[in-house]
Each structure stands twice: as structure tokens, then as C-alpha cells.
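Sequence lines, in order, name chains G and A.
Following the numbering used here from start to finish, the first sequence increments by one per residue and tops out at 454.
Following the numbering used here from start to finish, the second sequence increments by one per residue and tops out at 229.
Note that CB positions come from ideal geometry on N, CA and C, so glycine has one too.
None of the values given here were measured: they were computed from a predicted structure.
Here's the structure we're looking at; comments come further down.
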Amino acid sequence: MRAVPRYLAAAAWVSLAGAAGIGQAPLRAQDTIQGGVRIGITYTPGRRPALAVVRVGAGTAVDSAYAMLLRDLDQSDRFELVRGPVVERGDTTKAAVLIRVAASRAADLLVVVEAKGRRTEAVAYDVARNALLHRAEFADAAAPTGRRGVHAAADAIVAAATGQPGIAATRVLFVRAGRLMRVDADGHSPTATGSAGNPALSPAWAPDGRRIAYTAFVPSGQPIVLQELTSGRRAIVPTTEYGLNITPVYSPDGRRLAFARGTEAGTDIYLSEVNGLAAGVPQRLTVGRFADNLSPAWSPDGSRLAFISTRARTPQLYVMAADGSGQEVLARFDYGATGTTSAPAWSPDGQFIAFHREVGGAPQLFVLDVATRAVRQLTGSGRNEDPSWAPDSRHLVFVSSRTGTRELWVLDLETGRVRPLTSVGGARLPAWSPRLSAGGSPE
Amino acid sequence: MMRRSSILLRAAAGAFTLAACGQTPPPVPATPAVDSAAIRARADSASAAARRDSLAQAARADSIARVRADSIARALEASRADSVRAQVLREGADTLPDTPSGLDSARAALLATPVHFATDRAELSAVAQGELERKLDLFRSYPRLAVQVEGHCDERGPDEYNLALGNRRAAAVRDWLVEHGVAAARLTVMSYGEEHPVDPRSTEEAWARNRRAEFRVTRSAR
């Protein structure tokens, strides 16, 4: 388990940090995990800014905030985390820490976490420019609402330092034993959510993070359910009360829902207008003719849908316009040779489509470059399936059985680093949330 | 449409009997703090609402199947006008309740024998068709008998694709029976994908057993 990064244990606590060296090489993100599974992408890391996180003062609140910020910033995969500077007794102010870091040239960026009475303050500096990047203050970080504040601060610090916000204030929905679960992006507190009652599959987020859609199992079939997260109110998309209705996904503007429905002679993709929990009667986009068409994935501009079809026998990746026209093969395949392809997910920046494909009897993650249609394989051994993009378009959450049971893992495509997200046993079908605003993301 | 309506009525009736045990499940709270009084109040008002609606339910169940809304506004109105879709979700289970077959044990066993499929295929093999031939006599001898054909898959394919595959397997069985003279109204189809294996092991033998269509009685033979 890498639940606690190595440097957490050794990280400098300001007034006790006599042994922590500044001259040590930066701690490197690892590109392998236990079991010898290697991510099959070649990556030459560019220089990432060196970041030190230091705390000033003591107490559970500052300890919690420090640990969370360190983890969030590390898991953004945008920094080389370096150990905090040697700070002598008496150097208990931010200014003193900043001066010391600047003098040591140990870090490009410094985050100081400090107790401020009952509250905790986090301040990020650009060390070389001696400039303040971001200041955030939050209540008790150990409380659920406090955690949200710390994650938001981490994302704002990432944005100030790199121009792109982080992904700490997000969540992942998934399925375990037929129930919907959610887990914070840092792996904190997997919790049952939403679907009391009926078994559920295939959760999908509305782009505002306030509603979800999923397939429920009832005795008469599999309806598509829309649900408000705050109130728990649910509604079934009209005409899906009966038969097979699967793989719902919201359009990027949140006003349409695409899903697949079992028909007389196969499975076809349908489109419904949605407004809150209300939905219009679905319109058919594909005509199966004894084929299955399923797992639609929207392009971020809402103009196209990638999807899986069995029209050439083995399930493969296709694309069409959002009105059903212009259907064509998206990922080239060799008839009869290329394995079953499934679970496409279009990256929020539009550049890539992640999916999984059977290789030698086990599913492996792939990404397709939409512009060139070049496909590259991301994983090589174990079962790795059902990818879902983080809002930063560089992290994927996916299901892997590499430790013997199906769990969620997170892969950073830039560094190749992989980390475990859950250890619940039997996690499936993850869906990474959009960025959740502080007020708009219910418990 | 008739078979759908009749099942819908049964689903709605079942949901109504469950309503007293808590009609609208509250969202799972993030903290252990539970306002039991509020939940009780909600359950009380919900069951009162269910009682109030009970007389009109049959009519609503029938009307829902005919709804042809073509806009959000009309669909919203339809969803206000009936609670059937919400009732469907209150069942809590994903299988129909057992219906006595009304058959003697030998014939019941014959009906219950599953039909098996090749890997990633929904076509009926000669063996599978032979199995269906034997069941055909039951449908001819007992014209009241109605079943739900339930398609299942092994664990190997993608989870969601397997739901589509299971649906095609169930549909293949239904279509064969209809082609051989069984009225379509006596046959419904349902897919469980890989969700309900009869053998949870990850072996060729287990996978072969799990690739199947099962027959659940929905109307007794007598």
C-alpha cells in the first residue's frame, strides 16, 4: 500500500526538522507499482517545479490540513515534492521560513500551513520571485466540510502555480455489490450514496455535479434513473420503465442524455432532452440491425458521440455526429483479430478518448488521439478496465484487479504514476465528477 | 402492450404493499447523525400519499403505457400525473417474485432447465434448440403458462456489453418460441448480464454454466 507517501513520514515539521536535508534529490513520482506492473507509456519527464510544504504551529487542525494539502498537491502530479527546509528553533514565522527556503534554493514553490487561532491558513509563495501566489483559510480540516475547504485551497494553489486547477475537490462514483458508492479524489471515506433499494450500474455525473444518472435493476427491466444528490429525489426517464436501458451519459451542457436501449433486434443509442429530473421521450440515433450499439461518450463540444458497436461482430469503437449521422469507425481494428473494445470516455479537453480493449484475454487501457487517431496502450498486465477522466484531462480512474480484487486506481498520463484509490473489494464502473464547487456539491 | 400493462399493475401493487415500510428512501446521510423523527414523518406522509393514490393506480398504470409525450413539458406533466415510474423503483429487488408454475415437478423441472450459449454468441445451438423443442410441448399443453426469459452471461466481457448480450440471448429464445407458435404475449425478456452467475468461479466450466437463458414463470399454467 502507498496510502501514505514516503515523504509524509519524513517531512519536516518546522521546529523538529533538524535531520531533514535540503540538498537531497527530489522525491520522484514512481512509474511502477507492486506486482511489477509497468505502465506502458514512454515518458520523458519535463522539469516540474519543486514544492515544499511546511507547517508552523501545532494542533490536530493544522496537522490535518498539512497532511491533506501535501497529499492533494502530490496527487496533482504537477510538482516534485521536496522535503521542507531545515528550520531552526525560533523560525516560526512564514517570513523566516520563506527566507530560509529562498536561501537554500531547495524549492521553487513553498506552501506554509499555519494555525491561526481556531482556523488554519495556507499560503503559497513563488520562492524565486518572492511573490505570494495564493492565500486560503479554513475551519477545522478534520471535519467533512473542512475537508472540502482544504481540497479547494489545494486546487487553487495548483492553478496559481501552473495555470491549471487541480482535481482535489472532486469525487468518484462507482458501483460495489450493486450499490452506488462515492469516494473523494484523495481516497477518503468511500460511502454508499444515492440508490437505496434497487441494484444499480453505470453511474454518470451531470456536468453541474448536482445530479447523476444510472441504470437501476427492477423486476421489469433496467430503467434509466435521474437523481438529485442533495434531496435524493429520483425520476425514471420516460419509456425506460421496461426492457434494457444502459450506459447513460449527460451531454456537456447537461441538457441531453444519451443511453443505449435494448430493441427487438439488438441495442441502439437514444437521446433524451433533460431538464432537472424531467426528461423527454427518447429519440433513436442508431439502427442496430442485429448489432449492439452502446456506451456513448460525448465530445466536450457536444457535437459528436463516440460509441461501441458490434456491427463488425467484435465490439469496436465508432463515432457519429450527435444527430446520428456520419457513423464511422474511430479506432482502426483488424477484423477478427483486434479484441473486444469497450467503455470509451472522451477527455474534457477533447484531445483523447480512453477505452479498454482485450489483449490476450484481459482488458487493458488504451487512449486514442482524436486528431491523428493514433492509439497507444497504457497498461500491460493484470485486468485494467472502465476508464473515466478527471476534469484535468490527464488523470484517469479505472478498475484494476492487480492486487487480486477489483479496486479503483488512478493513472496520471503525464508521469505514468499509478496510485490506488479504493480498498473496498469489488469496485466497478467508476465515474469521475466534474470540479465540485464548494456550495454545489452535496454530501 | 397488454403484457406490459399487466406486469406494471403487479409491480405497482407490490410497491404499494411495501409503501408502509418507508416509501421514499432518504438519501444516505454522510454522517451517522440521523433525524429519526424527520424520517418517520416523511414515511408517514409518504404512505398516506400512497393510500390516497391507490384507487387511481390501476388507471394510471394503464395510461402510462400510452403516454406519447414529445416534449419536456408534456413528459413532466405525465410524471406528475402518475407515480408509476417512482413506484417501480420502490420494489428494491431486481427479480420478479416467484409465481407457482402450476406444473407437476417433472414438468416444472423441464421448464426450469436453462438453455446454454457459446462464448459471446446469442445464436441457438442444435442442443439449445432441442431443449426448446421439449419446452414447446409445455407451452402447447398449458396455454395459460407465461414466462419471462432471462438472459445471462459469463464474467469475461465488459459489464455493460454483457447486458446487451444477455438481452440478445433472451430475445433469441423468445423469437424461436414465437416462430414455433407460442404467442408473444406469453413471453417477456430480461437481461441480467453477468450480474447473477449460477457458478461464481472463474473456470471454463463455470463460464459455460453461466452463459444461459432461464425461464421464470410469470403466469401459472393452471
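With a threshold of 16 other CB atoms inside 10 Å of the CB of residue i, please say whether the residue is buried or exposed.
i                : result
Glu138 (chain A) : buried
Gly299 (chain G) : buried
Asp161 (chain A) : buried
Ser198 (chain A) : buried
Ser213 (chain G) : buried
Tyr346 (chain G) : exposed
Ser444 (chain G) : buried
Arg58 (chain G)  : exposed
Tyr54 (chain G)  : Since pLDDT at Tyr54 (chain G) reaches only 42, below the 50 mark, its modelled position is unreliable, and no value is offered.
Arg324 (chain G) : exposed
Glu140 (chain A) : exposed
Glu252 (chain G) : buried
Asp360 (chain G) : exposed
Asn141 (chain G) : exposed
Gly160 (chain G) : buried
Val134 (chain A) : exposed
Ser399 (chain G) : buried
Please state if the CB of residue j and the CB of residue i are separated by a distance shorter than 9 Å.
i                : j                : result
Val248 (chain G) : Val236 (chain G) : yes
Arg66 (chain G)  : Glu125 (chain G) : yes
Gly436 (chain G) : Arg182 (chain G) : no
Gln362 (chain G) : Val340 (chain G) : no
Ala170 (chain G) : Ala147 (chain G) : no
Asp264 (chain G) : Gly313 (chain G) : yes
Glu418 (chain G) : Pro402 (chain G) : no
Ala308 (chain G) : Ala342 (chain G) : no
Arg158 (chain G) : Asp195 (chain G) : yes
Arg208 (chain A) : Thr126 (chain A) : no
Determine the closest residue to residue i out of the options, with distance taken between C-alpha atoms.
i                : options                                   : result
Ala135 (chain G) : G:Arg129, G:His145, G:Asn141 and G:Gly128 : G:His145
Arg446 (chain G) : G:Asp219, G:Trp357 and G:Glu425           : G:Asp219
Tyr149 (chain A) : A:Ser108, A:Glu130 and A:His123           : A:Ser108
Thr414 (chain G) : G:Ala401, G:Pro402, G:Ser392 and G:Gly427 : G:Ser392
Ser411 (chain G) : G:Gly273, G:Arg405 and G:Thr390           : G:Thr390
Ala304 (chain A) : A:Ala100, A:Leu143 and A:Arg175           : Lying outside 8 to 229, the shown extent of chain A, residue 304 (chain A) is not represented and no answer is given.
Ser434 (chain G) : G:Met192, G:Arg272 and G:Ala271           : G:Met192
Glu211 (chain A) : A:Asp111, A:Asp105 and A:Phe124           : A:Phe124
Gly188 (chain A) : A:Arg128, A:Gln136 and A:Arg147           : A:Arg147
Arg193 (chain A) : A:Pro121, A:Leu145, A:Gly173 and A:Ser132 : A:Leu145
Ile280 (chain G) : G:Ala76, G:Ala163 and G:Ala332            : G:Ala332
Pro210 (chain G) : G:Ala196, G:Gly189 and G:Lys127           : G:Gly189
Asp226 (chain A) : A:Asp105, A:Asp101 and A:Ala100           : Note that residue 226 (chain A) is Arg in the sequence shown, not Asp. Among A:Asp105, A:Asp101 and A:Ala100, the Cα nearest to that of Arg226 (chain A) belongs to A:Asp105.
Ala164 (chain G) : G:Val194, G:Tyr77, G:Glu239 and G:Ala139  : G:Tyr77
Ala63 (chain G)  : G:Val229, G:Leu424 and G:Val112           : G:Val112
Ala139 (chain G) : G:Arg116, G:Phe149 and G:Pro230           : G:Arg116
Pro155 (chain G) : G:Asp423, G:Gly174, G:Ser200 and G:Ala179 : G:Ser200
Given residue i, which residues of its chain have a CB within under 6 Å of its CB, disregarding the five upstream and five downstream residues?
i                : result
His367 (chain G) : Ser353, Ala354, Pro374, Leu376 and Glu396
Asp303 (chain G) : Gly277, Thr278 and Thr321
Ala61 (chain G)  : Pro37, Glu91, Val93, Ala118 and Asp119
Arg176 (chain A) : Phe124, Ala129, Gly158 and Ala220
Ala271 (chain G) : Ile257, Thr258, Thr278, Ile280 and Leu305
Gln327 (chain G) : Phe344 and Thr352
Leu110 (chain A) : Ala228
Ala213 (chain A) : Asp206
Gly283 (chain G) : Residue identity check: residue 283 (chain G) is Ser in the sequence provided, not Gly. The answer, listed in chain order, is Val248, Leu268, Ala290, Gly291 and Pro293.
Alpha carbon to alpha carbon, what distance is there between residue j and residue i?
i                : j                : result
Arg229 (chain A) : Asp182 (chain A) : 24 Å
Leu109 (chain G) : Leu121 (chain G) : 7 Å
His203 (chain A) : Leu170 (chain A) : 11 Å
Thr258 (chain G) : Asp74 (chain G)  : 42 Å
Arg267 (chain G) : Ala348 (chain G) : 36 Å
Tyr329 (chain G) : Leu184 (chain G) : 26 Å
Arg129 (chain G) : His162 (chain G) : 19 Å
Pro34 (chain A)  : Gly243 (chain G) : Note on Pro34 (chain A): pLDDT 40, under 50, position unreliable in the model; no value is reported.
Asp250 (chain G) : Ala290 (chain G) : Note on identity: in this sequence residue 250 (chain G) is Thr, with Asp being the wrong assignment. C-alpha separation (whole angstroms): 10 Å.
Ala179 (chain A) : Glu275 (chain G) : 10 Å
Ala442 (chain G) : Phe318 (chain G) : 17 Å
Leu296 (chain G) : Ser262 (chain G) : 14 Å
Gln233 (chain G) : Asp334 (chain G) : 25 Å
Pro165 (chain A) : Asp423 (chain G) : 23 Å
Arg151 (chain A) : Leu407 (chain G) : 53 Å
Tyr168 (chain A) : Ala153 (chain G) : 42 Å
Within the same chain, show all residues whose beta-carbon is closer than 7 Å to that of residue i, passing over the 5 residues directly before and after it, in chain order.
i                : result
Arg223 (chain A) : Leu103, Val154, Gln155 and Glu157
Glu369 (chain G) : Gly350 and Thr351
Arg394 (chain G) : Ala373, Pro374, Ser411 and Ser412
Leaving out the 5 sequence neighbours to the left and right, which residues in its chain are closer than 8 Å to residue i when beta-carbon positions are compared?
i                : result
Ala385 (chain G) : Leu379
Leu440 (chain G) : Phe185, Val186, Leu212, Ser213, Pro214, Asp397 and Val410
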